[in-house]
Amino acid sequence: MTRYDVIVIGGGHNGLVCAAYLARAGRKVLVLERRERVGGAAMSEEVFPGFRFSVFSYVVSLLRPEIIRDLELPRYGLHILPLESTLTPLPNGDYLAQWSDHDQNRRELARHSLRDAEAYDEFGLVLHHMARAIKPLLAVAPPDPTSLRREQLFDLFQLRTYFKDLGTKRFHALHKLLTMSAADYLDEWFETEALKATKSASGIIGTMLGPRSPGTAYVLLHHYMGELDGVFRAWGFARGGNGSVSAAIAASAQARGTEIRTSSPVSNVIVRSGKVRGVVLEGGEEIEADLVVSGADPRRTFLGLVGEQHLPGELVESIRRFRFRGSSAKVNLALGELPEFTCLPGRGPHLRGATSISPSVDYLERAYDDAKYGEISRRPYMDIVIPSMLDPAMAPPGKHVMSIFVQYAPYHLNGGWTDAKREALGDAVVDTLSEYAPNLKGAILHRQVVTPADIERIVGLSEGNIFQGELSLQQMFFLRPAPAWSRYRTPIRGLYQCGSGTHPGGGVMGASGRNAAFAVLGEPP
Amino acid sequence: MLKKTPFHERTAALCESHSWRRWAGHVVASSYELSHEREYHCIRAAAALFDISPLYKYSIRGRDAARLLDRVTTRDVSRSQVGQVLYTGWCDGAGKLLDDGTVARLGEDAFLMTAADPNLRWLQDNAVGLEVEVEDISESVGALSLQGPQSRRILEALGELPALKYFRRADTKLRGMPVSVSRTGYTGDLGYEIWVSRDNALPLWDALMQAGRGHGIMPAGMLALDMARIEAGLMLLDVDYVSARKALIESQTSSPYEMDLAWTVDLSKPSFVGKSSLEEEARRGPQWRFVGIEVDWSSLERLYAEVGLATRVPQAAWRMSVPLYASEQAGYATSGGWSPVLKKYIALAHLRAEWAAPGTALEMEITVEHRRLRAAARVVKKPFFDPERKRA
Chain A
13 MTRYDVIVIG GGHNGLVCAA YLARAGRKVL VLERRERVGG AAMSEEVFPG
63 FRFSVFSYVV SLLRPEIIRD LELPRYGLHI LPLESTLTPL PNGDYLAQWS
113 DHDQNRRELA RHSLRDAEAY DEFGLVLHHM ARAIKPLLAV APPDPTSLRR
163 EQLFDLFQLR TYFKDLGTKR FHALHKLLTM SAADYLDEWF ETEALKATKS
213 ASGIIGTMLG PRSPGTAYVL LHHYMGELDG VFRAWGFARG GNGSVSAAIA
263 ASAQARGTEI RTSSPVSNVI VRSGKVRGVV LEGGEEIEAD LVVSGADPRR
313 TFLGLVGEQH LPGELVESIR RFRFRGSSAK VNLALGELPE FTCLPGRGPH
363 LRGATSISPS VDYLERAYDD AKYGEISRRP YMDIVIPSML DPAMAPPGKH
413 VMSIFVQYAP YHLNGGWTDA KREALGDAVV DTLSEYAPNL KGAILHRQVV
463 TPADIERIVG LSEGNIFQGE LSLQQMFFLR PAPAWSRYRT PIRGLYQCGS
513 GTHPGGGVMG ASGRNAAFAV LGEPP
Chain W
716 MLKKTPFHER TAALCESHSW RRWAGHVVAS SYELSHEREY HCIRAAAALF
766 DISPLYKYSI RGRDAARLLD RVTTRDVSRS QVGQVLYTGW CDGAGKLLDD
816 GTVARLGEDA FLMTAADPNL RWLQDNAVGL EVEVEDISES VGALSLQGPQ
866 SRRILEALGE LPALKYFRRA DTKLRGMPVS VSRTGYTGDL GYEIWVSRDN
916 ALPLWDALMQ AGRGHGIMPA GMLALDMARI EAGLMLLDVD YVSARKALIE
966 SQTSSPYEMD LAWTVDLSKP SFVGKSSLEE EARRGPQWRF VGIEVDWSSL
1016 ERLYAEVGLA TRVPQAAWRM SVPLYASEQA GYATSGGWSP VLKKYIALAH
1066 LRAEWAAPGT ALEMEITVEH RRLRAAARVV KKPFFDPERK RA
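Protein sequences appear in the order of chains A and W. Mapping of the first sequence onto our numbering: residues 13 to 537, in sequence order. Mapping of the second sequence onto our numbering: residues 716 to 1107, in sequence order.
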């Protein structure tokens, strides 16, 4: 029987990144994936004949450049196509567009507000500085400021120097971003409603919070981080869908000797006298290893794979309280023709970018109100891309695929999720979008609706939370997923965590997988 | 889509080179003919007509208009006379330049400000508590610059041209069209800038081109202008300095003192944005200076001769960072080129104060046949070209 140095549970992108780094360091690694294919929530599938979809996650924004470099992902097929604009259609028939070209963007913003056109650049500069301030924290295991352990003190000392260098002004700006709501923060900058709403939307993605909930300004920054590597062009749409991100990481891992077994669900982790000994598959097969890394979310890892009996009560309590509350859904449409937006008719460049249904902050907050009380948003926030405009191979010639990220669709829906509720969500999405693109209904050939309950069932993310737990401040940094266990380790010796339920969190970022690999190797990242 | 200036219909028809560039979100001609050379010589020997409409223009009116401008710029605006035009920079709180432009006093309580970058939000934010109206009139006002020794005679042929001294302005009519004319320019030559409402833009262009025919007028593009403004020692935002508004790190910023604009900083004003930092800097002296550089011809000739080539010099002005060395790196040049009127290779440069005295011997990096070498150069006084007619 083959003896493995490390078993990685879960072939999502973080599990694969972790495996690839471990294999690169010479470890013999086995990845066990429950489903018949790797990728987790980053996967592409031909859902309808001829139409390929990034079924769940659908853009690349935060994938760490060092991972792209270290794992040579372009060599293994990763090609990121730029998404260069965001169109926000408005109920009055007008629109707000944000373009990557500075002059074009300024001209469009000036149409709405000259002041905002000017504030935009300064806002960008401040977020640039803030993202730079936060970025170094992403690459390190988060030190706990209350810990007196030597290596943590050293990390803390470095952070202290770092915050000192940041300067008073920027530290204050950072504090604001960490504590304010996205809407309040944006109010300080802009007056155009659609601009504030569209920007604040990135503060609510994946959370069960509204744009006026405190803490959402940070999520906005979290999403801005991808733009920091603008030169590196790590932001956009992966050719072939997000499955090709996973496929490239998997291929890189395999080229370094990693073994990947699909259709191999792990039933539990074997723990003997506080040490990990291996895993048991659902079929009963036992595989031994002294090191096991779980890519599953904290709830599944601790309460499912390990079991409460092996864990300190305090940790069990923390994990029970760890908030998932999935709030996002996906609607994937196969289209016979392109949508025609009333505000901007024709096949313009806006169809190669994103479209955001976020006309005002009130609109988003109302969408949240519905969800707060357990209902689907009657008029949801949507982030829409048409991948076939960038990669024609995603659909048959002349036809298109449309990916619609939807919020809010609360996991804890009144009466629970049923087929009828799923279709009701699909209808709410299509009806709302049709108000802006009236030809949409007639263009739909097929429709797939993915609810948080589906995400949980298919991908295994608890409560369908796309980030393996909300990106809210009380569960970030040294509190992710639990105090004292934020540095990828667990109370079980030899058992590590590498999912986005750990610092720095979600998005197809891979940082958790990479950091975890270095924790396993006992090296600084 | 980029914006088109009010003169685009005419300039597009004349732009044989199809060579366009961006300026503040607009398309403007780099050169009209295939080479910019004739256009350049018109600036110095006849008259060149530039479309400078992309400049940002702000109307500043109200009882506190002068107070606002005194608060934000480094010049003493209150003491300026009606009809006077001031060149000025303006700074952030740390005394670092945000932008530079002109402030023209149209009346006791009315000013026209020009700028290279958008400044509306910044002006409005500084106007808090003041009785003043700031309006962005960039789109509604077209602007032409007529530069060169023949420029005065061309304007005189079109109407009653008031006798304007250097950096003075007046409202007048040219061929019956109401315009404002200022004795200003960006070439260091005799010249005028003419401000006109958007509707009168094309007739004004036509009138100038027609009146200028006997005086050798040519429409001229940005390539010609760039060389002329270097000869005149005039700095350009985003080329020679970075706005403190856009700088990513502190070392990218520059103060007026560091840009050789001490003459524009009036520390006797009771207060203005950046004053305390500038006072401090004036006391200890700026660490950097913005100077003129002349590259030594014989040194260039030698470097080219070593590889068997005749000496080459850049025919069009360049805009990039070029290292300058003394015993160590002393600074960097930001724009330069071959001056046809001076027959010299000149550049504008940032130098550490200790190397900035006129006459200081330096070396400038040049690339000869793919090899980076150093040519002898020295610090010289700006402007490189300063004809008497400029102030006439």
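Cβ coordinates follow ideal geometry from the N, Cα and C atoms, glycine included.
Original post:
How about D115/A: is its C-beta nearer than 8 angstroms to some C-beta of chain W?
Top reply: D115/A counts as touching chain W.
**OP:** Assign N841/W to one of three DSSP states: helix, strand, or coil.
**Re:** Helix at N841/W.
Original post:
Hey, does K961/W have any beta-carbon neighbour from chain A nearer than 8 angstroms?
Top reply: Residue-level contact check: K961/W touches chain A, since one or more beta carbons of chain A fall below 8 angstroms from its beta carbon.
Original post:
How about R119/A: is its C-beta nearer than 8 angstroms to some C-beta of chain W?
Top reply: Taking Cβ atoms only, chain W reaches closer than 8 angstroms to R119/A, which makes this a yes.
Original post:
What's the gap between the Cα of I388/A and the Cα of V441/A?
Top reply: Going by C-alpha positions, I388/A is about 10 angstroms away from V441/A.
Subject >> Short CB-CB distance (under 8 angstroms) between L137/A and chain W >> reply: Against chain W, the CB of L137/A has a partner CB under 8 angstroms away; the residue lies at that interface.
Original post:
Taking one C-beta from the region 753-768 of chain W and one from the region 855-866 of chain W each time, how about it: are there three or more such pairs within less than 8 angstroms?
Top reply: Yes, the region 753-768 of chain W is in contact with the region 855-866 of chain W.
Subject >> Selected residue, minimal CA-CA separation from P877/W, among G798/W, C730/W, G822/W, S1042/W >> reply: The shortest C-alpha separation from P877/W is found at G798/W.
**OP:** From the DSSP output, in three-state form, read off M942/W for me.
**Re:** In the three-state DSSP reduction, M942/W falls in the helix class (H, G or I).
**OP:** Taking 8 angstroms as the threshold, find out whether the region 452-463 of chain A comes into contact with the region 429-444 of chain A through three or more Cβ pairs.
**Re:** Short answer: they touch.
Original post:
Would DSSP call E58/A helix, strand or coil?
Top reply: DSSP places E58/A in the strand class (E or B) of the three-state scheme.
**OP:** Just tell me which of V1056/W, L1015/W, Y1019/W, H1065/W has its CA closest to the CA of M1035/W.
**Re:** When each option's Cα is compared against that of M1035/W, the closest is H1065/W.
Original post:
Of the choices G360/A, V20/A, K411/A, whose alpha-carbon is the least far from that of L457/A?
Top reply: The residue with the shortest Cα to Cα distance from L457/A is K411/A.
Original post:
According to the neighbour-count rule (16 or more other Cβ atoms, all chains shown, within 10 Å of its Cβ), is N527/A buried or exposed?
Top reply: Classification of N527/A: buried, given that the 10 Å Cβ count is 16 or more.
**OP:** Starting from D395/A, follow the alpha helix (DSSP H) in both directions and report where the run begins and ends.
**Re:** In this chain, D395/A is not harboured by any alpha helix (DSSP H); it is covered by the beta strand (DSSP E) spanning 393-397.
**OP:** Can you give me the start and stop residues for the alpha helix (DSSP H) that I852/W sits inside?
**Re:** Element bounds for I852/W: n/a, residue is neither H nor E.
**OP:** List the residues of chain W that R172/A touches, going by C-beta distances under 9 angstroms, in chain order.
**Re:** Neighbours of R172/A on chain W: none; closest Cβ ~21 angstroms, over 9 angstroms.
Original post:
Bridge partners of F63/A, per DSSP?
Top reply: The partner list for F63/A (beta bridge, DSSP) reads F60/A.
Original post:
Apart from the five residues on each side of it in sequence, which residues of its chain come closer than 6 angstroms, Cβ to Cβ, to A122/A?
Top reply: A129.
**OP:** Could you pull out every unbroken beta strand (DSSP E) segment of at least 3 residues lying fully inside the region 886-927 of chain W, listed in chain order?
**Re:** List check, beta strand (DSSP E) in window: 892-897, 906-912.
Subject >> Backbone CA spacing between D454/A and T444/A [nearest angstrom] >> reply: The displayed chain sequence assigns Gly, not Asp, to residue 454/A. Distance from the CA atom of G454/A to the CA atom of T444/A, rounded to whole angstroms, is 14 angstroms.
Original post:
What residues of chain W sit near A1/A, judged by a beta carbon separation below 9 angstroms?
Top reply: Coverage of chain A is limited to positions 13 through 537, which leaves residue 1/A absent and any answer about it impossible.
**OP:** Kindly indicate which three-state DSSP category K211/A falls into: helix, strand or coil?
**Re:** In this structure, DSSP gives K211/A a helical state, which the three-state scheme calls helix.
**OP:** Compute the Euclidean distance between the alpha carbons of G1/A and Y1047/W, then round it to the nearest angstrom.
**Re:** The structure shown does not extend to residue 1/A, since chain A spans only 13 to 537, so no value can be given for it.
Subject >> Pairwise C-alpha distance: L1039/W and G338/A >> reply: The alpha-carbon atoms of G338/A and L1039/W are separated by roughly 59 angstroms.
Original post:
Among all the DSSP beta bridges, which residues are the ones paired with G1051/W?
Top reply: The partner list for G1051/W (beta bridge, DSSP) reads W1033/W, A1062/W.
**OP:** Kindly list, in the order they appear in chain A, the residues whose Cβ is closer than 8 angstroms to that of P833/W.
**Re:** Going along chain A in sequence order, the residues near P833/W (Cβ under 8 angstroms) are R118, L126, A129, E130.
**OP:** Reducing DSSP to helix, strand and coil, say where L121/A ends up.
**Re:** The answer is helix: DSSP assigns L121/A an H, G or I state.
Subject >> Extent of the continuous alpha helix (DSSP H) run through A1020/W >> reply: Membership of A1020/W in the alpha helix (DSSP H) is indicated by the continuous run 1012-1021.
**OP:** Using a Cβ-Cβ cut-off of less than 8 angstroms, list which residues of the region 851-885 of chain W approach chain A; keep chain order.
**Re:** So the list reads D851, given in the order they occur along the chain.
Subject >> Length-filtered (3 minimum) beta strand (DSSP E) runs lying within the region 775-841 of chain W >> reply: The region 775-841 of chain W contains, as complete beta strand (DSSP E) runs of 3+ residues, the segments 800-806, 812-822, 825-830 (chain order).
**OP:** Go to I416/A, then tell me how far its beta strand (DSSP E) extends in each direction, as first and last residue.
**Re:** Run containing I416/A: 412-419, per the beta strand (DSSP E) assignment.
**OP:** Ignore the nearest five residues each way along the sequence and tell me which others in R960/W's own chain have a CB closer than 6 angstroms to its CB.
**Re:** Counting only Cβ-Cβ distances below 6 angstroms, and skipping sequence neighbours, we find L813.
Original post:
Are the region 244-264 of chain A and the region 78-95 of chain A touching by the rule of at least three beta carbon pairs closer than 8 angstroms?
Top reply: Yes, they touch.
**OP:** Return the CA-CA distance between V281/A and I478/A, expressed in angstroms with no decimal places.
**Re:** Spanning the two alpha carbons is a distance of roughly 24 angstroms.
**OP:** For E205/A, go through chain W and note every residue whose CB falls closer than 7 angstroms to its CB, in chain order.
**Re:** Correct list: empty, because the minimum Cβ distance to chain W is about 18 angstroms.
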